[in-house]
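A.B. asks: Sequences listed follow chains X and V, in order.
Yeah, the first sequence ends on 269 if you go by numbering that gives the first Met the number 0, and it's all consecutive.
Yeah, the second sequence ends on 179 if you go by numbering that gives the first Met the number 0, and it's all consecutive.
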Amino acid sequence: MIEEEYIDLINKEIDGVNSPKKSAKLKQYLAENPEAKNLYHELLTVSNMLKEIETIEPSDTLKKRVLNSNPMEKYRPEEKKYAFLRTRDFLRSLIPSPISRFNVKYAFAFSAGLILGITILSIFIDGLYKKSELDISDLYGTMMLYGTSEDFEPVDHIELNFDEVVGEINVKYSTDIVLVELTIETQHEIEIVFEFDDSDIGFSGFTRLNNEENNLRMGKNYLKLSNIGNNRYIIVFHDKTDSVTPMNFKIFSTGDLFYEKAISTGKKSG
Amino acid sequence: MSEDKDFVSVRECLRGRSEAFEMLVEKYQTTIFNVVLRMTDHYEESEDITQTVFVKAFQKLDTFNPQYKFFSWLYRIAVNESLNFLKQRKHLVELDESLNLISNEKTPEDQYDILETSRDIQQALMDLKTQYRTVIILKHFQNLSYREISHILGVKEKTVKSRLFTARQQLKNILLQKGI
Chain X
0 MIEEEYIDLI NKEIDGVNSP KKSAKLKQYL AENPEAKNLY HELLTVSNML KEIETIEPSD
60 TLKKRVLNSN PMEKYRPEEK KYAFLRTRDF LRSLIPSPIS RFNVKYAFAF SAGLILGITI
120 LSIFIDGLYK KSELDISDLY GTMMLYGTSE DFEPVDHIEL NFDEVVGEIN VKYSTDIVLV
180 ELTIETQHEI EIVFEFDDSD IGFSGFTRLN NEENNLRMGK NYLKLSNIGN NRYIIVFHDK
240 TDSVTPMNFK IFSTGDLFYE KAISTGKKSG
Chain V
0 MSEDKDFVSV RECLRGRSEA FEMLVEKYQT TIFNVVLRMT DHYEESEDIT QTVFVKAFQK
60 LDTFNPQYKF FSWLYRIAVN ESLNFLKQRK HLVELDESLN LISNEKTPED QYDILETSRD
120 IQQALMDLKT QYRTVIILKH FQNLSYREIS HILGVKEKTV KSRLFTARQQ LKNILLQKGI
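#1: Would you mind giving the Cβ-Cβ distance between residue 57 (chain X) and residue 28 (chain V), rounded to the nearest angstrom? I have them listed as a contact below 8 Å.
#2: Say whether chain V places a C-beta atom closer than 9 Å to the C-beta of residue 28 (chain X).
#3: For residue 190 (chain X), tell me which candidate among X:204, X:201 and X:217 has the shortest Cα-Cα distance.
#4: Could one say the Cβ of residue 124 (chain X) lies closer than 9 Å to chain V's Cβ atoms, at least one of them?
#5: So, helix, strand or coil for residue 52 (chain V), using DSSP?
#6: Got a sec: which bits of the stretch 46-63 of chain X sit with their beta carbon under 9 Å from any beta carbon on chain V, in order along the chain?
#7: Quick one: is residue 139 (chain V) near chain A, going by C-beta distance under 9 Å?
#8: Would you mind giving the Cβ-Cβ distance between residue 271 (chain X) and residue 192 (chain X), rounded to the nearest angstrom? I have them listed as a contact below 8 Å.
#9: How many Å lie between residue 235 (chain X) and residue 111 (chain X) at the Cα?
#10: Can you tell me where the alpha helix (DSSP H) with residue 180 (chain V) in it begins and where it stops?
#11: Which chain X residues are close to residue 50 (chain V), counting only those with a beta carbon under 8 Å from its beta carbon?
#12: Thinking C-alpha only, which one of V:130, V:147, V:15 and V:175 is nearest residue 70 (chain V)?
#13: Would you please verify whether the beta carbon of residue 28 (chain V) is less than 9 Å from any beta carbon of chain X?
#14: Check whether the stretch 14-21 of chain V touches the stretch 33-42 of chain V, counting contact only when three or more Cβ pairs, one atom from each stretch, lie closer than 8 Å.
#15: What does DSSP give as the partner residues of residue 153 (chain X) in its beta bridges?
#16: Looking at the C-beta of residue 177 (chain V), does it have a partner C-beta in chain X at a distance below 9 Å?
#17: With 9 Å set as the bound, which would you pick, yes or no: does the beta-carbon of residue 31 (chain X) sit closer than that to a beta-carbon of chain V?
#18: Given residue 22 (chain V), which residues of its chain have a CB within under 7 Å of its CB, disregarding the five upstream and five downstream residues?
#19: Determine the chain X residues that contact residue 13 (chain V) at a beta-carbon separation under 9 Å, and present them in chain order.
#20: What residue range is occupied by the uninterrupted alpha helix (DSSP H) comprising residue 16 (chain V)?
#21: In chain order, what residues of the same chain lie with their CB nearer than 6 Å to the CB of residue 175 (chain X), ignoring the 5 residues before and after it?
#22: How about residue 295 (chain X) and residue 166 (chain X): do their beta carbons lie closer than 9 Å?
#23: Does the beta carbon of residue 10 (chain X) sit closer than 9 Å to a beta carbon anywhere in chain V?
#24: Which chain X residues are close to residue 24 (chain V), counting only those with a beta carbon under 8 Å from its beta carbon?
#25: Spell out whether any CB of chain X is found under 9 Å from the CB atom of residue 162 (chain V).
#26: For residue 149 (chain V), count the other beta carbons within 10 Å of its own beta carbon; 16 or more makes it buried, fewer makes it exposed. Which is it?
#27: Quick check on residue 42 (chain X) - is its C-beta less than 9 Å from some C-beta in chain V?
The following block contains the structure:
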């Protein structure tokens, strides 16, 4: 009977992993135990037989088969190229090879600069446009030639002082221009009409000084506007002839003529 | 085993240098082939299995943990592929036997017989259970340490020793029975 400890030592001795001390201990045991000594020699013989078995060479084609069956592209960086690298390669392919690297480098620098310049310019122009977009909702006035304002002469003035309508009309005249300033206040809606001979006078412009919706209506020889509340209007006409051109001013309330007055538009010096 | 060189080759291969993998194939193809051959006792199939081992290794190269030795990783794939083959083969042999099919053609095994001079030992190995055969092959043919074998097989060193000592004892008994 061989003790388990020595079976272990026998195998380790065959494998060459026993310490000198353990080897000496085993040697002493084997000298005293023929059965253990016999096992040791049998196992050593088997081990030596296994060592004698020659290595078998595979066929010459094995390596080629292995390499051919491997997808060698898997770890090639080309497969993981980013889109911009492909684009760069495409651009390079369009340029003759000896100078391609040089040209592409500067082409990219130029392109980057161009894009940056366009971007800055667009921001600058956009800023200019935004600055020019002024709020003109509160702006009003009348355009005239420089130096002519002093030439406007009051030619007519009408006071409106009724229960329903309060206000005034000032008519001014300058060279070929008739300026009608109308200030009016009504409790309910009225219709204001300017009638004129379109062969003598023509409508040039209109503005309502408070910020409300305009309801101006124009015909061949009239100008109509509706009013409710307190408003101020400036209406600009121009003379077509040298003759005196009177104008009719009418106010209609609930469809009926409420007020009518001929207003002078100026007198030509002749 | 020049582990550092193997690691460099693996790294180079992952960078797209196919030559690096070719070097690894060149270095280990015979070793892996012999492990598979001793496990399966089938020459032609061993070449196919060896090819599969390298293909799988290559495909999973980016998952290789450099803390371990490359050859241990390769051996593990080889052992697993061999065991898979033996399982499938056993199933096929059972089918053949049940159908009583006998082929008169010269099999790859026959060709292997001609090449193999230590046929009896190989047959004795084939009589061992695969878990014992594996440790004998890794220990005696590849000269691997207990620790390396434990890494390859994924078992404790103690288990490796136990299996190896049992395998050696059984192999001795089989050879004695055969009169060798």
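Just so you know, even glycine gets a beta-carbon here, dropped at the ideal spot from N, CA and C.
In this text the structure is predicted, and so the values were computed from the model without any measurement.
C.D. replies: A quick look at the data gives this:
#1: 6 Å
#2: Taking 9 Å as the threshold, the shortest C-beta distance from residue 28 (chain X) to chain V does not fall below it.
#3: X:217
#4: no
#5: Looking at residue 52 (chain V) - three-state DSSP - the assignment turns out to be helix.
#6: 46, 48, 49, 50, 51, 52, 53, 54, 55, 56, 57, 58, 60, 61 and 62
#7: Looking at the structure shown, chain A is missing, and the protein chains on hand are X and V.
#8: An answer regarding residue 271 (chain X) cannot be provided, because it is not within the stretch 0 to 269 covered by chain X.
#9: 56 Å
#10: The first residue shown for chain V is 0 and the last is 179, placing residue 180 (chain V) beyond what the model contains.
#11: 61, 64, 65 and 68
#12: For the residues V:130, V:147, V:15 and V:175, the minimum Cα distance to residue 70 (chain V) belongs to V:147.
#13: yes
#14: no
#15: Partner(s): X:171.
#16: no
#17: no
#18: If the five residues before and after residue 22 (chain V) are omitted, its C-beta is found closer than 7 Å to the C-beta atoms of 8, all from its own chain and listed in chain order.
#19: Annotation: Cβ neighbours of residue 13 (chain V) in chain X (cutoff 9 Å, chain order): 74.
#20: First-last for residue 16 (chain V): undefined, no H or E at that position.
#21: 237 and 238
#22: Outside the displayed span of chain X (0 to 269) sits residue 295 (chain X), for which this structure offers no information.
#23: Taking Cβ atoms only, chain V reaches closer than 9 Å to residue 10 (chain X), which makes this a yes.
#24: 62, 65 and 66
#25: Not one chain X Cβ lies under 9 Å of residue 162 (chain V).
#26: In the assembly as shown, residue 149 (chain V) is a buried residue. Its beta-carbon has 16 or more other beta-carbons within 10 Å.
#27: yes
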